[in-house]
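The listed protein sequences correspond, in order, to chains A and B.
FYI, the numbering for the first sequence is 21 to 608, going by the working numbering.
FYI, the numbering for the second sequence is 3 to 89, going by the working numbering.
We treat Cβ as the ideally placed atom computed from N, Cα and C, and that holds for glycine.
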Amino acid sequence: MSQFAINLIFVGGSFALYIAIAIWARAGSTKEFYVAGGGVNPVMNGMATAADWMSAASFISMAGLIAAGGYANSTFLMGWTGGYVLLAMLLAPYLRKFGKFTVPEFIGDRFYSKNARFVAVACLIIASVTYVIGQMTGAGVAFSRFLEVESNTGLMIAGVVVFLYAVMGGMKGITYTQVAQYVVLIIAYTIPAVFISLQLTGNPIPPLGLFSEHTASGMPLLQKLDLVVRDLGFVDYTADVTNKLNMVLFTLSLMIGTAGLPHVIIRFFTVPKVSDARWSAGWALVFIALLYLTAPAVASMARLNLLTTIYPDGPTADAIEYAERPDWIKNWEQTGLIKFEDKNSDGRIQLYNDTAAFKETAQARGWNGNELTVNNDILVLANPEIANLPGWVIGLIAAGGLAAALSTAAGLLLAISSAVSHDLIKGSINPNISEKGELLAARISMAVAIVVATWLGMNPPGFAAQVVALAFGIAAASIFPALMMGIFSKRVNNKGAIAGMLAGLLSTVIYIFLYLGWFFIPGTNTFENVQANWLFGISPLSFGAVGAVINFIVAFAVSSATEAPPKDIQDLVESVRYPKGAGAATGH
Amino acid sequence: MTEHDRNAAAYWSANLRLIIGSLIVWALVSYGGGILFRPLLAGISIGGTDLGFWFAQQGSILTFIALIFFYAWRMNKLDKEFDLHEE
């Protein structure tokens, strides 16, 4: 059977499963559409949250980022998991007790202000739409590489599948497909990792393999990797970083941003009780950790594997001849994600770090510039081929990558459509809308959101990579602080909350625009995006944490200068703090 | 202040104490062990590298999981002790 047929069976089979779930889990009421009826088992919800959270970025890109950056990119590992501690202790249980359908609804009620609700809706939509673009482009890459269809055709197929289960089933359909998608993606991620770990270290458990002995050289794997990269002019894989302030703030921004992303928060509205919301956050992190503990192992092993493929006799000996390159390099060259240029015309592939400091060594070896460019994103996708694994593992990776992208896309689309139908239509434009009318409005908003997302996936703005920073920045600087103050302070009032959200939002967005271009239009940036220009060495990606601090300070300052919230609002804060009396999630 | 209010206030400050304690550990393993104190831990080697690297790539995540389950277990118990649990 051809590799194409195998991939088709795996991807087609997983899609058929999602559609079957969609038919089984149709939503009959707004409560089912928004919060899956509020009866999801906490372990199940943990699994669905893990799929909801782990996007194309986690599945496809993260290991590649760590492989390229080594220790310095541990920020992603800590940042994208540490947010769950904040979620479990500072947000999820209380918002579950509040018991309504959307994040802006809490902000609107707690700060007794329609304007606050609008600001929250705006932040939610900007953060979620920017995030969804990344998922659709990720799905496009997986389609074009594995199914040999046009990226656009692939995106349309993906759009139709998401349409089926998200429009019919709402949160109910999404929840149970996410559970299935988690199973697909975690199997797809771990199987190649286990084989690679076995090949390199003899240890079948990748997180243990990472700290084990490299069988071929007899020295610890990480030490071997340090030696190899050093010989090629790269910074040591385990080298410490100098800009610690930026590393701390970047990690903090990712953590706060994670906790403030609405599509993650609303997953905790679906469990029956407050105590379940607490357990569920723990289970979510367990399921996430299965991938996040494997990723750094995949990263270091794939990097070592790549370099030993290029330099079979060690980095100081001759590199392989281009004519004898393995098949996987040929396959990926066709996608343009691997590029080769024989700069010194010796017919061999020299891969090294082309810096001034390394120039002399390179010249002594007869090298005339780095000849192989490898896109970080292919590491995970090409893993089975690099490790010579059978064809079905490649099919599994294709299905897994798509599961990761589609599960996150569906969660984001639900957050967007519920903000439109529940917060804008029901909450403001037409408060007297019937239950049936609102359900229809929710389905229509979902359908429109899917069409927009698919279109954006086909015509990705040139700045797709940067906008993820914007999504995290907005969630960290505006949504998270507003929610936290709404629960932990009775004194913060409507004026304080709105001023705080706007201050956090604007400071973060402006700081990002200053370095990455106004509205991300290339060439319009005020300062060149290099460390020397950053305020106190804080990169634009790390500014979300600073924006959050600004939000807190402004909100407290404005609140203390104005009147305290009315008694019924203070009672509302009291009531979300105590689990007693929590009903199921209700509309109004 | 009624008896009910006093009970509720005691429950809330117990929750706050638990959160602060947990977040101190949360910060110590990630920002401390994984980033700021890494040079201090450089002497402790583990699998070809140092303890700080382990905290950054594995230790923090494992600690985070333990923290959430510990918090959930303690709070669900406190809910009952203060008779503020759900029916």
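How about A:Ala-83: is its C-beta nearer than 8 Å to some C-beta of chain B?
no
Work out the CA separation of A:Trp-538 and A:Phe-288 for me, nearest whole Å.
35 Å
A:Val-550 burial status per 10 Å Cβ neighbour count (16 or more: buried)
exposed
Considering only C-alpha positions, which residue in the set A:Tyr-598, A:Leu-97, A:Tyr-185 is nearest to A:Thr-314?
A:Leu-97
With distances taken from CA atoms, which of A:Phe-563, A:Ser-295, A:Trp-44 is nearest A:Leu-536?
A:Phe-563
Answer yes or no: does any C-beta atom of chain B fall closer than 8 Å to that of A:Lys-293?
yes
Please confirm if A:Pro-240 has its CB atom under 8 Å from at least one CB of chain B.
yes
Taking Cβ-Cβ distances shorter than 7 Å, what residues in chain B pair up with A:Val-306?
Ile-67
Tell me where the alpha helix (DSSP H) around A:Lys-264 begins and ends.
264–280
Taking the C-alpha atoms as reference points, what is the distance between A:Val-255 and A:Ile-464?
52 Å
Would you check if the distance between the CB atom of A:Val-123 and the CB atom of A:Pro-282 is smaller than 8 Å?
yes
For A:Thr-9, list the residues DSSP reports as bridge partners.
As displayed, chain A neither begins before 21 nor continues past 608, which places residue 9 of chain A out of reach and without an answer.
Reduced DSSP secondary structure (H/G/I, E/B, other) of B:Glu-5:
helix
Would you list the residues sitting across from A:Asp-256 in a DSSP beta bridge?
Note: A:Asp-256 sits in no beta bridge, so no partner.
Contiguous alpha helix (DSSP H) assignments of at least 4 residues, all confined to the segment 110–164 of chain A:
112–118, 123–130
Would you mind telling me which residues of chain B sit closer than 7 Å to A:Pro-224, beta carbon to beta carbon, in chain order?
Residues of chain B passing the Cβ test: none, with the nearest at roughly 16 Å.
Please tell me whether B:Phe-39 has its Cβ less than 8 Å away from any Cβ of chain A.
no
Write down the C-beta distance between A:Thr-101 and B:Phe-66 rounded to the nearest angstrom, noting that I regard them as a contact closer than 8 Å.
5 Å
Around the C-beta of A:Gln-590, are 16 or more other C-beta atoms found within 10 angstroms, so that it is buried, or is it exposed?
exposed
Run through chain B and tell me which residues come within less than 7 Å of A:Tyr-312, C-beta to C-beta.
Ile-63
I'd like the span of the alpha helix (DSSP H) that includes A:Lys-510, first residue to last.
Here A:Lys-510 belongs to no alpha helix (DSSP H), and DSSP marks it neither H nor E.
Three-state secondary structure (DSSP) at A:Arg-368?
strand
Per DSSP, the bridge partner or partners of B:Thr-51:
B:Ile-48
Going along the chain, which residues of its own chain have a beta-carbon closer than 7 Å to the beta-carbon of A:Ala-598, five neighbours each way excluded?
At residue 598 of chain A the sequence reads Tyr, which differs from the Ala that was named. The answer is none, since no qualifying residue turns up.
Within the 8 Å Cβ cut-off, does A:Asp-260 reach chain B?
yes
For A:Met-74, which of helix, strand or coil comes out of DSSP?
coil
Put B:Glu-89 into one of helix, strand or coil per three-state DSSP.
coil
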